[in-house]
Structure formats: C-alpha cells, structure tokens
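Student:
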Amino acid sequence: MLRGLKMYGMAQAVGDLIEQGAPAFDAAVPMLSQLLKAEMAERE
1 MLRGLKMYGM AQAVGDLIEQ GAPAFDAAVP MLSQLLKAEM AERE
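So, in structure tokens, the structure goes:
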C-alpha cells in the first residue's frame, strides 16, 4: 500500500519495525491504516 502511494521511505521503515517486532508499532497499526485509507481516497 505504501509503495503504491510512492511512500518508499515509510514502506522501508514499516518493514524495519515489523522485523524488530516493535510493540509500539503494533499498537499504531489501526491508526496508520486509517490514515493510509484516507490518503488513498484523497488521491482518487
């Protein structure tokens, strides 16, 4: 999804956080998902 929006730096950072198993990232996933959905809708 991030690469589709051309957010390559964020995509790399998300990959790194997933590999680290960061608990704070897991808690932030629902909010990040909503923000990305809003961005996708805005770009349509």
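Per UniProt numbering, the sequence shown starts with residue 1, numbered consecutively. Glycine included, each C-beta is placed from N, C-alpha and C at the ideal position.
(1) Considering M10, what are the terminal residues of the alpha helix (DSSP H) in which it resides?
(2) So M1 and L36 are in contact, right, with Cβ under 8 angstroms, and what is the actual spacing, rounded?
(3) Since M31 contacts L5 with CB under 8 angstroms, what's their CB separation in whole angstroms?
(4) If you follow the alpha helix (DSSP H) that L5 is in, where does it begin and where does it stop?
Tutor: Put simply:
(1) Translated into the one-based positions of the sequence shown, residue 10 becomes position 10. Counting along the chain, the alpha helix (DSSP H) containing M10 begins and ends at 8-20.
(2) Working through the sequence shown from its first residue, we reach residue 1 at position 1. Working through the sequence shown from its first residue, we reach residue 36 at position 36. With a Cβ gap of about 6 angstroms, M1 and L36 count as contacting.
(3) If you number the sequence shown from 1, residue 31 lands on position 31. If you number the sequence shown from 1, residue 5 lands on position 5. Actually they do not touch by this definition, with Cβ atoms about 16 angstroms apart.
(4) Locating residue 5 in the sequence shown gives position 5, counting from the first residue. From DSSP, L5 is part of no alpha helix (DSSP H); its letter is neither H nor E.
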